[in-house]
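Data block below; observations after.
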Amino acid sequence: MENEYIDPICGMKVMPGSAAASVEFNGQMIYFCAVGCKDKFLAQTQVNPVRIERKRSDSDTGHIDPICGMTVTPETAAASYQPENGDETIYFCAEGCKRKYVSQLESGNGSSNSEESPEYPHNKKCEGSLEGTKAASSGESVDPVCGMSVAPETAAASFDLDGKTYIFCSGSCLTKFRQDPKSFLSGSRNKPQTADHQDVEYTCPMHPEINKQGPGTCPVCGMALEPKMISLDDKPDPELVDMQRRFLVSAVLTIPVFALAMGEMIPGLDQYISPTLSIWVQVLLATPVVLWGGSPFFKRAFLSIRNMSPNMFTLVAMGTSAAFFYSLAAVFFPQLFPASMLEHHSGSVPVYFEAAAVITTLVLLGQVLELRARSQTSSAIKELLRLAPETAIVVFDDGSEKEIDLSDVQIGAKLRVRANEKIPVDGMILDGQTSVDESMVTGESMPVEKSAGDKIIGGTINGKHGFMMKAEKVGKDTLLAQIVRMVGEAQRSQAPIQRLADVVSAYFVPAVILVAIVAFVIWMIFGSFTYALVAAVSVLIIACPCALGLATPMSIMVGTGHGAKNGVLVKEARALEILEKVNTIVVDKTGTLTEGKPKLQSVITGFKVTIAEDELLSLVASLEVASEHPLAEAIVEGAKEKGLELQKPENFESVTGKGIFGEIDGRSIKVGNKLFAIGELTKDHEGSRKAEQLQTEGQTVMYVSIDDKFAGLIGVADPVKSSARSAIEALHKQNIEVIMITGDNVRTAEAVAKKLNIDKVFADVLPEQKAQTVKELQSAGRVVAMAGDGVNDA
Numbered sequence: 132m133e134n135e136y137i138d139p140i141c142g143m144k145v146m147p148g149s150a151a152a153s154v155e156f157n158g159q160m161i162y163f164c165a166v167g168c169k170d171k172f173l174a175q176t177q178v179n180p181v182r183i184e185r186k187r188s189d190s191d192t193g194h195i196d197p198i199c200g201m202t203v204t205p206e207t208a209a210a211s212y213q214p215e216n217g218d219e220t221i222y223f224c225a226e227g228c229k230r231k232y233v234s235q236l237e238s239g240n241g242s243s244n245s246e247e248s249p250e251y252p253h254n255k256k257c258e259g260s261l262e263g264t265k266a267a268s269s270g271e272s273v274d275p276v277c278g279m280s281v282a283p284e285t286a287a288a289s290f291d292l293d294g295k296t297y298i299f300c301s302g303s304c305l306t307k308f309r310q311d312p313k314s315f316l317s318g319s320r321n322k323p324q325t326a327d328h329q330d331v332e333y334t335c336p337m338h339p340e341i342n343k344q345g346p347g348t349c350p351v352c353g354m355a356l357e358p359k360m361i362s363l364d365d366k367p368d369p370e371l372v373d374m375q376r377r378f379l380v381s382a383v384l385t386i387p388v389f390a391l392a393m394g395e396m397i398p399g400l401d402q403y404i405s406p407t408l409s410i411w412v413q414v415l416l417a418t419p420v421v422l423w424g425g426s427p428f429f430k431r432a433f434l435s436i437r438n439m440s441p442n443m444f445t446l447v448a449m450g451t452s453a454a455f456f457y458s459l460a461a462v463f464f465p466q467l468f469p470a471s472m473l474e475h476h477s478g479s480v481p482v483y484f485e486a487a488a489v490i491t492t493l494v495l496l497g498q499v500l501e502l503r504a505r506s507q508t509s510s511a512i513k514e515l516l517r518l519a520p521e522t523a524i525v526v527f528d529d530g531s532e533k534e535i536d537l538s539d540v541q542i543g544a545k546l547r548v549r550a551n552e553k554i555p556v557d558g559m560i561l562d563g564q565t566s567v568d569e570s571m572v573t574g575e576s577m578p579v580e581k582s583a584g585d586k587i588i589g590g591t592i593n594g595k596h597g598f599m600m601k602a603e604k605v606g607k608d609t610l611l612a613q614i615v616r617m618v619g620e621a622q623r624s625q626a627p628i629q630r631l632a633d634v635v636s637a638y639f640v641p642a643v644i645l646v647a648i649v650a651f652v653i654w655m656i657f658g659s660f661t662y663a664l665v666a667a668v669s670v671l672i673i674a675c676p677c678a679l680g681l682a683t684p685m686s687i688m689v690g691t692g693h694g695a696k697n698g699v700l701v702k703e704a705r706a707l708e709i710l711e712k713v714n715t716i717v718v719d720k721t722g723t724l725t726e727g728k729p730k731l732q733s734v735i736t737g738f739k740v741t742i743a744e745d746e747l748l749s750l751v752a753s754l755e756v757a758s759e760h761p762l763a764e765a766i767v768e769g770a771k772e773k774g775l776e777l778q779k780p781e782n783f784e785s786v787t788g789k790g791i792f793g794e795i796d797g798r799s800i801k802v803g804n805k806l807f808a809i810g811e812l813t814k815d816h817e818g819s820r821k822a823e824q825l826q827t828e829g830q831t832v833m834y835v836s837i838d839d840k841f842a843g844l845i846g847v848a849d850p851v852k853s854s855a856r857s858a859i860e861a862l863h864k865q866n867i868e869v870i871m872i873t874g875d876n877v878r879t880a881e882a883v884a885k886k887l888n889i890d891k892v893f894a895d896v897l898p899e900q901k902a903q904t905v906k907e908l909q910s911a912g913r914v915v916a917m918a919g920d921g922v923n924d925a
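According to the working numbering, the sequence shown is numbered sequentially starting from 132.
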């Protein structure tokens, strides 16, 4: 039998035939479960070479290194420790782990209410991480905090929650878990590490053609660049944090500056503070606002001038610096100004510290609001990313399994998908039968039956049966990744008025500077230098577009705020601009026009068996309780709503793709498709006509027989929302054409469209085809809006 080896990085058992990578080290072959483990091993051995002797046979007994969590054997252990109380010997993968363990054991003190292993002090510091081991054998569990493999007999602590026992590698992990268990169980704390900012490609939201590695500012408009691909990193935007800090400090300092400058308008203020003291206080308070609070604007202005692309920040920097430094000159060198410029009440030269400080603070406010609005737009992409699971279970040729990060899944890998879990990547079912909720992609509320050979999509949700699959598309090639990419490109696209604003700003800024120069020259000719300087500064201050920096993000916040109150979420500014021009609205069916969940609609009797509707429903629901069909729940819920009593069926059996049968009170009941339940019916048969009528109304029809006699029909459908008809009527009154576009089948889609008087229907459409359909409508000259119920419609 082929020998097993231990991956020295993650501790997983691997065999040479199934190893993902290997390397020769000190004359010995080392095998790895993944290429990532090999890369980490090579990086570690270059810095701190370690002893690597991990080979073992099936007869070896594995032990857990209490420091790093690796699986080691007595023969391959680099060190060991015998507790004084005579307990089992502890083995370590390296001398360093033993030294850490002994040091922590000697310094350990205190007590814990948790169950502790005598070898593991409760306050032992956790050295593990999610990049450590997963469970190496069926007898081990994973610490929910750090992700290390921990055997129950060597656990440092345990904790019972909701009837389940969790074990921990250290007391520190237990303490963290107790503080907020939900965050660790949901996986929100255990996000994979994100790439360094410098390795991420950034782009400008206003100028998508601008791309660079790492964060920075756009050389054209001066806006902060944003990453092209949003990650699930929940850390706050560092630029937003910085701008908020600058705004808050500047606002606190600007308010008294503004109050002092308006002193004449505040009765009695001059009795408490003299004009001279007022000016010096303004100097002290305004200086940090302009020089520290406004420093990002000066940097952006410098870049704009260097790149010959003057923008809003060019004027902001010129206006505020002109006002500030002019005011400094007036304070420190008043003799340079003519006597005619002195104020009568104070005898000093007028200063504009409040103008410089207020403009800086307002533009900072505009930046904060803009960055908040932009962070909100990325939430749609984050919701899409969360549709995919974080990990996948890979199955090796020898039958062993390992849970790995989704990013490590390779094309051709064999994966196990458990019941009720998300499917990790696009692929094909190799073994098993199940039903899959594909509403994320198609919008269809009814789960789809899948079996060996059928294609499945990553991010969709598996039903009640597990299966084996083959990965065919991973990473950026999956359908979910393509949807994410489409949403990102849509968010970065420009609205027409934005392109117009770019053209206007290209002329506006140079024009303002030119006017300031002309004013200076004219006053130099007909007046004095001082008057010329004041005139030029006045032009720059007046033209300084604090309104441009504030109005756009403020209008976005107000517009989205009002929309949210009315149940409308606006994810980008251009949507607000274009909305008033919309003449065509495309709507999804499932969850938008309908409730999004199948419900019992019809129970029809009166065929070859005399039976009341409630009795028929009771029999069918009693049978469906034992069924795992996606529509069974709707029938059972319908019976419960009517207060019907359900019975336990005997000899129950389910026939995949056909139906179910069983016995209740000695009667044989069949529920399923026509051939399975009752056999053939002529087209003019009353049952055929009734069934076709229900199907025309968009219902899924099931035939019922009792003792092989046609007893009735059961109809299930996704009901139309009560508000849908009035909403569509309101749109028609505004001369807006309503088009339904859905992944559902043609018959169901047309049934809903007929009920709601919808103008046109596109059915059996996938997300990428939806985008193409919208583009075709736009190319025909239509201004199109899309109404959907979830991120799949984004």
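Cβ coordinates follow ideal geometry from the N, Cα and C atoms, glycine included. Just so it is clear, the structure is predicted and the values come from calculations on it, not from any experiment.
In the three-state scheme derived from DSSP, where H, G and I count as helix and E and B as strand, P520 is classed as coil. Of all C-beta pairs linking the region 862-876 to the region 715-723, three or more are shorter than 8 Å, placing the two stretches in contact. Contact between the region 557-570 and the region 525-533 is not established, with fewer than three Cβ pairs separated by less than 8 Å.
Following the DSSP letters along the chain, one finds D373 inside the alpha helix (DSSP H) bounded by residues P369 to A392. Boundaries of the beta strand (DSSP E) around D557: D557 to D562. DSSP assignment within the region 767-801 yields no whole alpha helix (DSSP H) run of 4 residues or more.
Residue environment for M160: exposed (fewer than 16 other C-beta atoms within 10 angstroms of its C-beta). Of the residues D895, V896 and N866, the one whose Cα lies closest to the Cα of I889 is N866.
Residues V670 of the same chain have their beta carbon placed closer than 7 Å to that of V646, with the five preceding and five following residues left out of the count.
Counting along the chain, the unbroken beta strand (DSSP E) around M833 starts and ends at T831 to I837.
By the 16-neighbour rule on beta-carbons within 10 angstroms, P147 is exposed. Measuring C-alpha to C-alpha distances from F456 to each of A488, Y403 and S289 identifies A488 as the nearest.
Around the beta carbon of H760, 16 or more other beta carbons lie within 10 angstroms, which makes this residue buried. With respect to the C-alpha of M600, the residue from L611, F299, P850 and K586 having the closest C-alpha is K586. The bridge partners DSSP lists for S570 come to none. Residue range E744 to E755 is occupied by the alpha helix (DSSP H) that includes E755.
Between the beta-carbon of T725 and that of V579 there is about 17 Å, and that puts the pair past the 8 Å contact cut. The beta carbon of L561 is closer than 8 Å to those of K545, A583, F598, M599, M600 and K601 in its chain, skipping five residues each way along the sequence.
Here R856 has K886, L887 and N888 as same chain residues with Cβ atoms under 8 Å from its own Cβ, once five neighbours each way along the sequence are excluded. Looking from the CA of A523, the closest CA among K779, V915, V635 and R547 belongs to R547. In this structure, V572 is the residue among V572, C349 and I656 with its C-alpha nearest to the C-alpha of Q900.
Taking a C-beta distance under 8 Å as the contact criterion, I554 and E603 do not qualify as a contact pair. According to DSSP, residue pairing for N866 in a beta bridge does not occur. Nearest Cα to G919 within the set G590, G727, L305 and L516: G727. Between the C-alpha atoms of Q826 and N804 there is a straight-line separation of about 13 Å. The continuous alpha helix (DSSP H) containing V883 extends over residues V877 to L887.
Take I791, set aside five residues on each side of it, and the residues of its chain with a beta-carbon closer than 8 Å to its own are L754, E755, A757, S758, H760, F783, E784, S785, K801, V802 and G803, in chain order. The beta-carbon separation of E521 and D536, rounded to 7 Å, stays under the 8 Å limit for a contact. According to the DSSP assignment, E603 belongs to the beta strand (DSSP E) that extends over F598 to K604. Taking a cut-off of 8 Å on C-beta distances, the region 837-845 touches the region 735-742, as three or more cross pairs fall below it.
Annotation: S531 is outside any alpha helix (DSSP H) and is labelled neither H nor E by DSSP. Sequence-distant partners of M439 (beyond 5 residues in either direction) whose C-beta falls short of 6 Å from its own C-beta are missing from its chain.
Across the structure, S659 and M449 are spaced so that their CA atoms are roughly 22 Å apart.
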